[in-house]
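Whatever position you read off the sequence shown (first residue = 1), add 1301 for my numbering.
For reference, the structure is listed below as structure tokens.
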Amino acid sequence: MAETGTRGRRERLRAETTAEIKRVALELMASGGPGAITLRAIAREMGMTANAIYGYFATRDDLVTALINDVYTSLADAVDAAWGAAPAEDPADRIQVWAQAFRGWALANPEGFRLIYGDPVPGYIAPEGGAAPDAAQRVCTGLTALAAAAWPRAQHLYADSDFQWSDFDAGLLDKVRPAFPDLPPAAVALALRIWGHLHGLVSLEIYGHLHTQTVSPDKLFREELTQLVRAWGLTPSK
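Here it is in structure tokens:
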């Protein structure tokens, strides 16, 4: 019994220290950019020896991979939950709540957003398959679901599209075609354009470029969403 309790305490302390290492890494990134993430710097901030921190992450790249997986999974969870909570019979609402969840997550996790969508960590080499393949798959298929929701009303707008499957990266197609076998290439291109609209405005906001231009970035984002869904023949939610 005592041995079990001791092991439980060790595991709890290890989990707490691991979480603190990740938190400090993101704080260092926030203040010094992605290049500031080093195990020695984290050890110094936490009052640990360099050798001690290597007991938690053998390399800096192992830590970065764990961070990316954590934050990407958090994003995927947020947008999936928003999509699932919206009524399936209201595609406009599902598109809008997914997009709002994406922006809300980014504002709540600016360092995480920068880690997965901003400047790369210098010298970082991701493992084969990527740092967060499951989360990346979920976000990618979520974006494609936005296009799929709009497609029944919007497809006539793209009747003259000349996109072919050969225009897309094979890795992207491996993600989206099994999930949406009936969508044509033009719909996948639409998903990428949706991504450009959403990601562009959120990136401007996260990196501070909108703050000197407008005091209402939320209103700007909502209006962009409204105009997008209207352009596809959908009725925006209030």
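Backbone N, C-alpha and C define an ideal beta-carbon position, used for all residues, glycine too.
Quick check: what's the CA-CA separation for residue 1448 versus residue 1383?
For residue 1448 and residue 1383, the distance between alpha carbons rounds to 16 Å.
When the Cα of residue 1358 is compared with those of 1519, 1414, 1319 and 1464, which residue comes out closest?
Taking only the C-alpha atoms, the option nearest residue 1358 is 1319.
Inspect the beta-carbon positions of residue 1336 and residue 1411 and report whether they are closer than 7 Å.
Their beta carbons are not under 7 Å apart, which means residue 1336 does not touch residue 1411 by this criterion.
Measuring alpha carbon to alpha carbon, tell me which of 1456, 1351 and 1467 ends up nearest residue 1488.
Nearest C-alpha to residue 1488: 1456.
Identify the continuous alpha helix (DSSP H) that holds residue 1354 and give its terminal residues.
Secondary structure note for residue 1354: its alpha helix (DSSP H) is the uninterrupted segment 1351 to 1354.
Beta-carbon spacing of residue 1443, residue 1503 below 7 Å
Result no, Cβ atoms of residue 1443 and residue 1503 do not sit closer than 7 Å.
Check whether the Cβ atoms of residue 1432 and residue 1366 lie closer than 7 Å to each other.
Yes, these two residues count as a Cβ contact at 7 Å.
Would you identify the three-state DSSP class for residue 1462, choosing helix, strand or coil?
Correct three-state label for residue 1462: coil.
Which listed residue (1475, 1513 and 1369) has its alpha carbon closest to that of residue 1327:
Considering only alpha carbons, the answer is 1369.
Does the distance from the C-beta atom of residue 1330 to that of residue 1338 stay below 7 Å?
In contact: residue 1330 and residue 1338 (Cβ atoms closer than 7 Å).
Just tell me which of 1460, 1461, 1450 and 1492 has its CA closest to the CA of residue 1469.
In terms of Cα proximity to residue 1469, the closest of 1460, 1461, 1450 and 1492 is 1492.
With 16 as the cutoff for other CB atoms within 10 Å, does residue 1421 come out buried or exposed?
Per the 10 Å Cβ criterion, exposed.
With a 10 Å radius around its C-beta and 16 neighbouring C-beta atoms as the bar for buried, classify residue 1439 as buried or exposed.
Only buried fits residue 1439, as 16 or more other CB atoms lie within 10 angstroms of its CB.
Quick check for students: name the residue ranges of the alpha helix (DSSP H) that lie wholly in the region 1318 to 1395, counting only runs of 4 or more.
Fully contained in the region 1318 to 1395 are the following alpha helix (DSSP H) runs of length 4 or more, in chain order: 1340 to 1347, 1351 to 1354 and 1361 to 1386.
Is it a yes or a no for the region 1522 to 1529 touching the region 1396 to 1410, going by three-plus beta-carbon pairs under 8 Å?
The region 1522 to 1529 is in contact with the region 1396 to 1410.
Below 7 Å between beta carbons: does that hold for residue 1354 and residue 1342?
No, the Cβ-Cβ distance between residue 1354 and residue 1342 is not below 7 Å.
Looking at chain C, is there any beta carbon in it that lies within less than 7 Å of the beta carbon of residue 1402?
Here there is only one protein chain, and chain C is not present.
Mind reading off the beta-carbon distance from residue 1372 to residue 1416? Whole number of angstroms is fine, and I expect it under 8 Å.
Contact between residue 1372 and residue 1416 is confirmed by a C-beta separation of about 6 Å, below the 8 Å threshold.
Using 10 angstroms around the beta-carbon of residue 1509, count the other beta-carbons present and answer buried if the total reaches 16, otherwise exposed.
It counts as exposed.
Here's the rule I'm using: 16 or more other beta-carbon atoms within 10 Å means buried, otherwise exposed. How should residue 1392 be labelled?
The residue in question, residue 1392, is buried, as its Cβ has 16 or more Cβ neighbours within 10 Å.
Anticipated Cβ contact below 8 Å, residue 1451 with residue 1535, distance rounded
The beta carbons of residue 1451 and residue 1535 sit about 6 Å from each other, so the pair counts as a contact at 8 Å.
Rounded to the nearest angstrom, what separates residue 1322 and residue 1441 at their Cα positions?
The alpha-carbon atoms of residue 1322 and residue 1441 are separated by roughly 29 Å.
Those runs of the beta strand (DSSP E) which lie wholly inside the region 1423 to 1506 and span at least 3 residues
As far as the region 1423 to 1506 is concerned, it has no whole beta strand (DSSP E) run of at least 3 residues.
Relative to the C-alpha of residue 1476, which candidate in 1340, 1334 and 1430 has its C-alpha closest?
It is 1430.
Starting from residue 1537, follow the alpha helix (DSSP H) in both directions and report where the run begins and ends.
Looking at the DSSP string, residue 1537 is not in any alpha helix (DSSP H), and its letter there is neither H nor E.
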